[in-house]
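Okay, structure first, notes after.
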Amino acid sequence: MAWRFDKCVINGEIDNTVRGRVTGKLWLLGREEPMILDLVGDAWPDLAGCRLTFVNTNPVPQPQYDEGLSMRQTGSVGDITASMKLKKLLVPEEEWMKAIEEKRFHEVPWVLSSSLYLEWFSDRNGRVVIQTTDYKLEVSERQWEADADDQAAQQAINDENMRAYMEDLGRAFGGQEDGQEERKEGEDRD
470 MAWRFDKCVI
480 NGEIDNTVRG
490 RVTGKLWLLG
500 REEPMILDLV
510 GDAWPDLAGC
520 RLTFVNTNPV
530 PQPQYDEGLS
540 MRQTGSVGDI
550 TASMKLKKLL
560 VPEEEWMKAI
570 EEKRFHEVPW
580 VLSSSLYLEW
590 FSDRNGRVVI
600 QTTDYKLEVS
610 ERQWEADADD
620 QAAQQAINDE
630 NMRAYMEDLG
640 RAFGGQEDGQ
650 EERKEGEDRD
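Residue numbering for the sequence shown follows our numbering, beginning at 470 and increasing consecutively.
Here you go:
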């Protein structure tokens with residue numbers, strides 16, 4: 470369960486021009502000050518070494534995020550890219566929701582589109598994801614380039630961050646409690 474507030478973003482900037490660090494600002498509807506990002510890690514190769522600016526031409530309030538969402542986000546980078554492929558539906562939301570209810574979703578027209586995908590693991594909010602095909606994007610000139618080794622190392626870190634997040638989520642939803650050791654197979658239970 471991630472925080473997904475892409476609809477209420479007005480505009481923003483993500484900066485990975487310094488290797489190993491992603492900073493940024495996100496301006497959200499109903500907020501006076503921008504959300505500040507200060508994350509450890511690097512973007513995917515398409516944005517590594519670059520500064521990305523983006524604008525949502527049709528922001529919509531998402532009041533469910535008015536409380537609890539920290540305006541200072543620190544933590545670790547997840548997947549950050551502007552090249553993830555996503556199905557973009559070509560009909561209004563009401564129409565495709567009706568198609569789902571009527572079990573005829575396969576009839577809804579769509580195109581495959583590049584999407585902006587910003588994921589990070591926040592020290593305060595857990596997993597945060599902004600995924601959209603609707604923003605206007607502008608990418609700066611590259612200040613440094615990620616090679617295959619850089620990409621593999623960052624992917625291993627991202628995988629570990631997701632594993633740790635899922636483990637924490639499992640504990641939160643009734644799994645093992647902190648400090649409780651796993652029982653070995655065949656071990657007697659009290």
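We put the CB at the ideal spot given by N, CA and C, even for glycine.
Item: Could you round the C-beta distance between residue 557 and residue 579 to whole angstroms and report it? I think they count as a contact, below 8 Å.; Value: 6 Å
Item: CB residue 482 to CB residue 522, shorter than 8 Å?; Value: yes
Item: Kindly indicate which residue of 631, 630, 615 has the alpha-carbon position closest to the one of residue 489.; Value: 615
Item: Is residue 576 helix, strand or coil by DSSP?; Value: helix
Item: Are there 16 or more other CB atoms within 10 angstroms of the CB of residue 655, so buried, or fewer, so exposed?; Value: Legend: pLDDT at residue 655 = 46, less than 50; position of this residue unreliable, no value from coordinates given.
Item: Return the residue from the list 576, 591, 593, 552 that minimises the CA-CA distance to residue 602.; Value: 552
Item: Return the CA-CA distance between residue 473 and residue 600, expressed in angstroms with no decimal places.; Value: 8 Å
Item: Specify, as a first and last residue, the run of the beta strand (DSSP E) that residue 484 falls within.; Value: 478-484
Item: Is the Cβ-Cβ distance between residue 503 and residue 513 less than 8 Å?; Value: no
Item: How would you call residue 657, buried or exposed, if buried means at least 16 neighbouring beta carbons within 10 angstroms?; Value: In this predicted model, residue 657 has a pLDDT of only 44, less than 50, meaning its place in the structure is not dependable; the value taken from the coordinates is given anyway. The residue in question, residue 657, is exposed, as its Cβ has fewer than 16 Cβ neighbours within 10 Å.
Item: Would you say residue 518 and residue 613 are within 8 Å of each other, going by their C-beta atoms?; Value: yes
Item: For residue 533 and residue 569, what's the separation of their Cα atoms in angstroms?; Value: 24 Å
Item: Tell me where the alpha helix (DSSP H) around residue 639 begins and ends.; Value: 617-641
Item: Let me know if residue 590 comes out buried or exposed under the rule of 16 or more other beta-carbons within 10 Å of its beta-carbon.; Value: buried
Item: Tell me whether residue 565 sits in a helix, a strand or coil according to DSSP, three-state version.; Value: helix
Item: Which word fits residue 624, buried or exposed, when buried means at least 16 other C-beta atoms lie within 10 angstroms of its C-beta?; Value: exposed
Item: Name the two residues that bound the continuous beta strand (DSSP E) containing residue 525.; Value: 520-525
Item: Residue 485: which of 506, 470, 500 sits nearest, CA to CA?; Value: 506
Item: Cα separation between residue 501 and residue 621?; Value: 39 Å
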